[in-house]
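Written out below as structure tokens is the structure these notes cover.
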Amino acid sequence: MTGRRVTCQWEYVPLGPFNAKSFASSILPWIVTLEALESFKTSSPAQNPLPLTYLQEDLSANSYDIYLSVELKAKYQEQADIICKTNFKYMYWSIAQQLTHHMVAGCNVQVSDLMGSGTISGPTPDSYGSLLEITWNNSKPL
Numbered sequence: 326m327t328g329r330r331v332t333c334q335w336e337y338v339p340l341g342p343f344n345a346k347s348f349a350s351s352i353l354p355w356i357v358t359l360e361a362l363e364s365f366k367t368s369s370p371a372q373n374p375l376p377l378t379y380l381q382e383d384l385s386a387n388s389y390d391i392y393l394s395v396e397l398k399a400k401y402q403e404q405a406d407i408i409c410k411t412n413f414k415y416m417y418w419s420i421a422q423q424l425t426h427h428m429v430a431g432c433n434v435q436v437s438d439l440m441g442s443g444t445i446s447g448p449t450p451d452s453y454g455s456l457l458e459i460t461w462n463n464s465k466p467l
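Quick note on numbering: the sequence shown equals residues 326 to 467 in the working numbering.
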């Protein structure tokens, strides 16, 4: 690793965990309710280290199996380039844990507030959900 500096980024600076979506967000043309997602319920990945007690929960059915992809297509291209293929089930923090963290941190959450999950990354390089991860110590493109 001569000449390369390895850095570790816990959460996006300067916003910190879960805060990138708590302001200046726009809503998509549709909303999916939790009831509509019921048939996609699945387990979350193990949380290690364990979160603080107030954030611990049963991980057996607290996430959703939703396939996601990010594609980029220039005007001159016939087909888009796939940037990322991932799944919501890889989220480390569940929706309930994220909401709890917002409230404990003092966010005045109201009925009908829009909540964003943040970056959704999977376990392999082709499933990394942020440019920070995708370009981390890469000397060649994916």
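Ideal placement from N, C-alpha and C gives every residue a C-beta, glycine not left out. Quick caveat: nothing in here was measured; it's all calculated off a predicted structure.
I'd like to confirm the pairing. Which residues does DSSP put opposite residue i in its beta bridges?
{"i": "D406", "result": "L397"}
{"i": "T367", "result": "S388"}
Please state the DSSP three-state secondary structure of residue i.
{"i": "Y379", "result": "helix"}
{"i": "Y389", "result": "strand"}
{"i": "T411", "result": "strand"}
{"i": "Q372", "result": "coil"}
{"i": "P448", "result": "coil"}
{"i": "M416", "result": "coil"}
{"i": "L457", "result": "helix"}
{"i": "V429", "result": "helix"}
{"i": "L424", "result": "helix"}
{"i": "M326", "result": "Confidence in M326 is poor, its pLDDT being 44 and thus under 50, which makes the residue's placement too unreliable to answer from."}
Classify residue i: buried if its beta carbon has 16 or more other beta carbons within 10 angstroms, exposed otherwise.
{"i": "M428", "result": "exposed"}
{"i": "G454", "result": "buried"}
{"i": "S394", "result": "exposed"}
{"i": "S305", "result": "Given that the chain is displayed from residue 326 to residue 467, the structure contains no residue 305 and the question cannot be resolved."}
Looking at residue i: is its Cβ nearer than 7 Å to the Cβ of residue j?
{"i": "T358", "j": "D390", "result": "no"}
{"i": "Y417", "j": "G447", "result": "no"}
{"i": "Y392", "j": "N373", "result": "no"}
{"i": "S419", "j": "S369", "result": "yes"}
Are the region 412 to 423 and the region 439 to 454 in contact at 8 Å, needing three or more beta carbon pairs?
-> yes
Does the region 376 to 389 come within contact of the region 401 to 409, defined as at least 3 CB pairs closer than 8 Å?
-> no
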